[in-house]
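Asker: Below: one structure in structure tokens.
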Amino acid sequence: MTDLEGVIAALRAAPSVAVLAHVNPEGDAIGSLLGAVLALRAAGKAAHGYLADSLPPNLRQLPGAGELRRQVPIGPPYPCYLVLDTADLARTGGLLRSRPAASVVVNVDHHPDNSRFGDANWVEPTASSAGEMVLRLLETAGFPLPPPAAANLYAAILTDTGSFRHGNTSPAALRAAARLVEAGADPAVMAEGLFGQRQLREWRLLAAALATLEVSADGRAAWIEVTAEAQERAGAGLEDTEEIVDYPRTLAGVLVAVAFKEVGPGEVRVSFRSRGTLDVRAVATSLGGGGHRNAAACTLWTDLGAAKAAVLPAVMRLLATSLEGRED
């Protein structure tokens, strides 16, 4: 039995399924979660979605988002827990802390550093997104794909590929997106909901963050700060900061971008983005985090100054090592 077959067998055997994803969720986590919930319901399962953190504003319009339960730990007990887009069980934020001993944990993920924590594991690092994997799971199992589920899975692929701009935009990802459009996802509606309904607080927070933008002397690294004070002044929260790291990444010549986001006293979330073969996952992993080659993150239990002192030298070492012998 293959890993995918094991996952399908576990889901088929379960009359009810709790579906969950990682803390600080983004488009792939939420889109794949909601897509799975709606498809499992269409297959006759009692399925519900759970999160430990709140939704980013631009994802609240996704079909079924209003039914997501923010509850730690999950209750009531379920015979099966489907964990999506999550490399390690600790990243669920305690959702499975009191699950029944006899329950089955199903792990579906595309992170290369996944710890294979489930009773059934399907880990495919070459997949563009968890959304692409959920689509293949549903198709292989012969489960229904109602249009609202297709819309969510399309959102998952769209956001994790950077609107089909990032290096993980594979032929398989594009074919999956096409099948989802055929199943009822509307690209124009999804793009408007995800990218065309910004709130004033988001722009105020972005303005404050852009004022902190710094670039290394050689122009290959750029970083930005989002302080707790700036969030308070803008009336924004951490959920409004997900895409801020993409702004320094778009600067001409920048190969590595970093966003330092102050959660509170003594806690800083750090997001990394890179171009090409530069592996920022290695930096994030060395600091207790993880992710993908071109998109990774970690949390540091310190203040902003100390976080920058820990992260920026590691980024410069990555650039120096990766660019040895390279001619511009």
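According to the numbering used here, the sequence shown holds residues 882 to 1209 in order.
Note that the Cβ used here is the ideal one computed from N, Cα and C, for glycine as well.
Have a look at Gln-942 and Leu-1132 and give me their C-alpha separation to the nearest angstrom.
Answerer: Here residue 942 corresponds to residue number 61 of the sequence shown, with the count starting at 1. Here residue 1132 corresponds to residue number 251 of the sequence shown, with the count starting at 1. Distance between the alpha carbons of Gln-942 and Leu-1132 is about 30 Å.
Asker: Do the region 1031-1042 and the region 1081-1093 meet, that is, are 3 or more Cβ pairs less than 8 Å apart?
Answerer: no
Asker: For His-929, write down the residues that DSSP places opposite it in a beta bridge.
Answerer: Your numbering for residue 929 matches position 48 in the sequence shown. The partner list for His-929 (beta bridge, DSSP) reads Ala-899.
Asker: Starting from the C-beta of Ile-1105, find all residues in its chain whose C-beta is less than 6 Å away, skip the five residues before and the five after it, and write them out in chain order.
Answerer: As a working note, residue 1105 is residue 224 in the sequence shown. Cβ neighbours of Ile-1105 beyond the five flanking positions: Ala-1090, Thr-1093, Leu-1094, Pro-1129 and Ala-1140.
Asker: Where DSSP assigns a beta bridge to Arg-965, which residues make up the other side?
Answerer: Taking the sequence shown and counting its residues from 1, one reaches residue 965 at position 84. Inspection of the sequence shows that residue 965 is occupied by Leu rather than by Arg. Answer is Val-989, bridged to Leu-965.
Asker: Which value, in whole angstroms, describes the spacing of the CA atoms of Asp-969 and Glu-1083?
Answerer: As a first step, residue 969 is located in the sequence shown; it is residue number 88 there, counting from the start. As a first step, residue 1083 is located in the sequence shown; it is residue number 202 there, counting from the start. Distance between the alpha carbons of Asp-969 and Glu-1083 is about 30 Å.
Asker: Going straight from the alpha carbon of Gly-1065 to that of Asn-1033, what length do you get?
Answerer: On the sequence shown, residue 1065 is found 184 positions in, with the first residue counted as 1. On the sequence shown, residue 1033 is found 152 positions in, with the first residue counted as 1. About 10 Å.
Asker: For the beta strand (DSSP E) containing Asn-1033, list its first residue and its last residue.
Answerer: Residue mapping note: residue 1033 aligns to position 152 of the sequence shown, counting from 1. Counting along the chain, Asn-1033 falls outside any beta strand (DSSP E), though it belongs to the alpha helix (DSSP H) covering 1028-1041.
Asker: Please determine if the region 943-951 and the region 981-1001 are in contact, where contact requires at least 3 C-beta pairs separated by less than 8 Å.
Answerer: no
Asker: Leaving out the 5 sequence neighbours to the left and right, which residues in its chain are closer than 6 Å to Lys-1142 when beta-carbon positions are compared?
Answerer: Along the sequence shown, one-based indexing puts residue 1142 at 261. Cβ-Cβ distances below 6 Å link Lys-1142 to Val-1107, Thr-1122 and Arg-1150 in the same chain, with the five nearest sequence neighbours on each side left out; the list follows chain order.
Asker: Is the beta carbon of Tyr-959 closer than 8 Å to that of Leu-977?
Answerer: Taking the sequence shown and counting its residues from 1, the one referred to as residue 977 is at position 96. Taking the sequence shown and counting its residues from 1, the one referred to as residue 959 is at position 78. For Leu-977 and Tyr-959, no; Cβs fall outside 8 Å.
Asker: Could you tell me the alpha carbon to alpha carbon distance between Leu-1026 and Ala-1201, rounded to whole angstroms?
Answerer: Walking along the sequence shown from the start, residue 1026 turns up at place 145. Walking along the sequence shown from the start, residue 1201 turns up at place 320. Looking at the two C-alpha atoms, the distance is approximately 47 Å.
Asker: Count the other CB atoms within 10 Å of the CB of Phe-1153; is the residue buried (16 or more) or exposed (fewer)?
Answerer: Mapped onto the sequence shown, residue 1153 falls at position 272. Buried, because 16 or more other Cβ atoms sit within 10 Å of the Cβ of Phe-1153.
Asker: For Ala-1176, which residues of its own chain have a beta-carbon under 6 Å away from its beta-carbon, when the five flanking residues on both sides are left out?
Answerer: Position 295 of the sequence shown, counted from the start, is the residue given in the question as residue 1176. Result list for Ala-1176: Arg-1154, in chain order.
Asker: Along the chain, where does the alpha helix (DSSP H) that runs through Ile-889 open and close?
Answerer: For the purposes of this step, residue 889 is identified with residue 8 of the sequence shown, where counting begins at 1. Taken as a continuous stretch (DSSP letters only), the alpha helix (DSSP H) holding Ile-889 covers 884-894.
Asker: If distances are taken between C-alpha atoms only, which option among Pro-1028, Thr-883 and Ala-1195 comes closest to Leu-915?
Answerer: Here residue 915 refers to the residue found at position 34 of the sequence shown. Ranking Pro-1028, Thr-883 and Ala-1195 by Cα distance to Leu-915 puts Pro-1028 first.
Asker: How close, in whole Å, do the beta carbons of Ala-1188 and Leu-1136 come, if the pair is a contact with beta carbons under 8 Å?
Answerer: Counting from one through the sequence shown, the residue named residue 1188 turns up at place 307. Counting from one through the sequence shown, the residue named residue 1136 turns up at place 255. With a Cβ gap of about 21 Å, Ala-1188 and Leu-1136 do not count as contacting.
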